[in-house]
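Going down the list, the protein sequences come from chains A and B.
Numbering-wise, our numbering puts 611 at position 101 of the first sequence, and it's gapless, one number per residue.
Numbering-wise, our numbering puts 654 at position 19 of the second sequence, and it's gapless, one number per residue.
Backbone N, C-alpha and C fix where the C-beta goes; we use that ideal spot for every residue, glycine too.
See structure below.
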Amino acid sequence: MNHLQQEKVSYWGLIKNGIFKENTIFRLVISLCPSIAVTNSVRNGFLLGVAVLFVQTMVNSTVALLRNFIHPRIRLPIFMLIISGWVTVVDLLMQAYARAAYKEMGLYIEIIVAFASILARAEMFASKNKVGAAFFDGLGSGLGFLVALVLISFFRELLGRGSLWGFQIVHTKPMLIMLMPTGGFLVVGLLMGFFNWIDINFYGGKGAGGAGGH
Amino acid sequence: MHDEFIKLFELFIAASVINNFVFTRFLGLCIFFGVSKKMETAVGMSITFTSVMVVSAALSWILLTYIMIPLDLTFLKIVIFIGIVAAFVQASDTIMRKISPGLYYKLGIYLALISTNCIIIAVPLIMTTEKYNFIESLVFALGSGIGFAISLTIMASIREKLELADVPRPFRGMPIAWITTALIALAFTGFSGLITM
């Protein structure tokens with residue numbers, strides 16, 4: 511019983527770690543491309559977030575499941591193969607069941623294959639841990655990504671169209687600039703600055719903006 | 636012949652400036668923010684990047700036209716393209732180390748960074764959707780590479796000056812770089828509608 515409870519706590523810790531402490535976009539500053547490309551409406555942001563969540567979780571589980579059979583010297587090509595396999599699955603599924611959304615963001619679904627965050631989680635966590643832990647680590651990391659995308663698209667759609675998930679909410683003149691590329695860069699920059707401000711003033715952190723990388 | 640040349644030129648301009656990968660297609664942002672701190676690294680990255688892009692585009696086009704389409708394997712395009720890029724990068728890494736150690740010392744680190752880059756994989760994917768022919772694919776890849784080089788150079792020269800500026804503490808580093816990019820992107824929207832394809 512005690513053992514079980516302990517495991518549950520650590521699973522929850524893994525999820526929390528992915529959402530807050532190692533948030534892909536705001537903390538690690540990797541896999542940024544879609545954070546701007548698809549966040550001009552909450553629906554698209556959410557859909558891509560779900561796609562990434564699915565790929566991340568499945569890749570982590572697959573890698574953890576096969577970790578004893580993969581020779582360490584050729585592990586990276588194998589991870590790439592596993593990732594591209596699961597991305598193809600999502601790609602075909604979206605083509606079949608979400609055609610309208612796929613037309614708008616098909617390229618960015620395919621681009622998931624080049625996400626450093628997915629490869630990084632597989633390499634740093636899943637290849638060294640049991641399937642259960644790897645599953646929850648993937649879930650946390652994917653959820654962190656989903657939350658970030660929804661947050662960015664929330665501001666952009668609200669200010670740029672006055673709507674949320676396609677429903678009109680505010681009836682003022684919309685700020686068109688928020689829907690343009692500029693708006694995306696601006697919102698992400700301001701949100702990062704805001705989180706750094708919280709970190710510095712309330713948690714005494716240094717407010718590192720991440721080193722940047724892939 | 637003349638018309639064809641003009642068409643290719645238009646494609647080149649469209650790929651490099653109007654549909655600039657960083658500012659209007661939002662790809663390759665990770666590398667864009669990662670290596671634009673210093674001018675020297677930005678230039679090294681641009682050179683490596685453009686050449687890898689053109690060669691991998693040519694390889695992908697050949698494989699796509701002569702193997703994948705006849706055998707009806709286009710649904711595997713993601714797996715195959717990422718394989719081509721990874722294999723090519725690995726091969727050029729090894730060849731460069733043997734043949735020209737000086738060049739390897741200068742550009743080798745960028746090669747390793749490239750293999751999981753989104754632009755490199757996006758070029759063959761866009762090429763497939765747009766159904767470009769061989770020459771068009773090469774011009775498209777070259778234009779995209781030059782466009783990336785332009786944006787990287789602009790950003791690096793701004794960030795070198797930014798180091799000296801007195802930025803509020805929460806905005807130091809990444810956040811101010813993003814806001815700067817927002818302003819450059821605003822300038823680049825001025826190019827839209829320059830050429831109608």
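Could you check whether the Cβ of residue i sits closer than 8 angstroms to any Cβ belonging to chain B?
i: residue 533 of chain A; result: no
i: residue 647 of chain A; result: no
i: residue 595 of chain A; result: yes
i: residue 691 of chain A; result: yes
i: residue 554 of chain A; result: no
i: residue 695 of chain A; result: yes
i: residue 587 of chain A; result: yes
i: residue 591 of chain A; result: yes
Measure the alpha-carbon distance for residue i versus residue j and round it to whole angstroms.
i: residue 645 of chain B; j: residue 797 of chain B; result: 35 angstroms
i: residue 651 of chain A; j: residue 657 of chain A; result: 10 angstroms
i: residue 552 of chain A; j: residue 806 of chain B; result: 26 angstroms
i: residue 621 of chain A; j: residue 535 of chain A; result: 16 angstroms
i: residue 514 of chain A; j: residue 521 of chain A; result: Caution is warranted here: a pLDDT of 43 is assigned to residue 514 of chain A, below 50, making its placement in the model unreliable, and the coordinate value is therefore given only provisionally. Going by the C-alpha atoms only, they are around 11 angstroms apart.
i: residue 821 of chain B; j: residue 815 of chain B; result: 10 angstroms
i: residue 526 of chain A; j: residue 703 of chain A; result: 21 angstroms
i: residue 516 of chain A; j: residue 593 of chain A; result: Because residue 516 of chain A carries a pLDDT of 45, less than 50, the predicted location of this residue cannot be relied on, and no value is offered for it.
i: residue 791 of chain B; j: residue 575 of chain A; result: 43 angstroms
i: residue 657 of chain B; j: residue 694 of chain B; result: 24 angstroms
i: residue 699 of chain B; j: residue 761 of chain B; result: 13 angstroms
i: residue 623 of chain B; j: residue 714 of chain B; result: Since the first and last residues shown for chain B are 636 and 832, residue 623 of chain B lies out of range.
i: residue 823 of chain B; j: residue 548 of chain A; result: 19 angstroms
i: residue 681 of chain B; j: residue 624 of chain A; result: 19 angstroms
i: residue 705 of chain A; j: residue 641 of chain A; result: 32 angstroms
i: residue 777 of chain B; j: residue 653 of chain B; result: 14 angstroms
i: residue 708 of chain B; j: residue 818 of chain B; result: 43 angstroms
i: residue 587 of chain A; j: residue 685 of chain A; result: 45 angstroms
i: residue 811 of chain B; j: residue 673 of chain B; result: 16 angstroms
i: residue 569 of chain A; j: residue 782 of chain B; result: 33 angstroms
i: residue 597 of chain A; j: residue 544 of chain A; result: 15 angstroms
i: residue 734 of chain B; j: residue 691 of chain B; result: 20 angstroms
i: residue 690 of chain A; j: residue 546 of chain A; result: 9 angstroms
For residue i, which of helix, strand or coil comes out of DSSP?
i: residue 708 of chain B; result: coil
i: residue 677 of chain A; result: strand
i: residue 526 of chain A; result: helix
i: residue 712 of chain A; result: helix
i: residue 806 of chain B; result: helix
i: residue 690 of chain A; result: coil
i: residue 684 of chain A; result: coil
i: residue 652 of chain B; result: helix
i: residue 826 of chain B; result: helix
i: residue 800 of chain B; result: coil
i: residue 660 of chain B; result: coil
i: residue 727 of chain B; result: helix
i: residue 579 of chain A; result: coil
i: residue 627 of chain A; result: helix
i: residue 620 of chain A; result: helix
i: residue 614 of chain A; result: helix
i: residue 520 of chain A; result: helix
In this structure, what does DSSP give as the bridge partners for residue i?
i: residue 716 of chain B; result: Residue 716 of chain B pairs with nothing; no bridge assigned.
Could you spell out the range, first to last residue, of the alpha helix (DSSP H) harbouring residue i?
i: residue 538 of chain A; result: Careful: residue 538 of chain A lies outside any alpha helix (DSSP H) and carries neither H nor E.
i: residue 665 of chain A; result: 641 to 671
i: residue 637 of chain B; result: 637 to 648
i: residue 570 of chain A; result: 552 to 576
i: residue 759 of chain B; result: 753 to 765
i: residue 788 of chain B; result: 769 to 797
i: residue 684 of chain B; result: 674 to 698
i: residue 668 of chain B; result: 664 to 670
i: residue 585 of chain A; result: 585 to 607
i: residue 637 of chain A; result: Here residue 637 of chain A belongs to no alpha helix (DSSP H), and DSSP marks it neither H nor E.
i: residue 544 of chain A; result: 543 to 547
Of all Cβ atoms in chain A, is any one closer than 8 angstroms to the Cβ of residue i?
i: residue 760 of chain B; result: yes
i: residue 729 of chain B; result: no
i: residue 714 of chain B; result: yes
i: residue 654 of chain B; result: no
i: residue 676 of chain B; result: no
i: residue 685 of chain B; result: no
i: residue 820 of chain B; result: yes
i: residue 805 of chain B; result: yes
The ligand ADP and residue i: does the residue's C-beta get closer than 7 angstroms to at least one heavy atom of that ligand?
i: residue 645 of chain A; result: The ligand ADP is absent from the structure shown, which contains no ligands of any kind.
Would you please verify whether the beta carbon of residue i is less than 8 angstroms from any beta carbon of chain D?
i: residue 542 of chain A; result: Checking the listed chains, one finds no chain D in this structure; the protein chains it contains are A and B.
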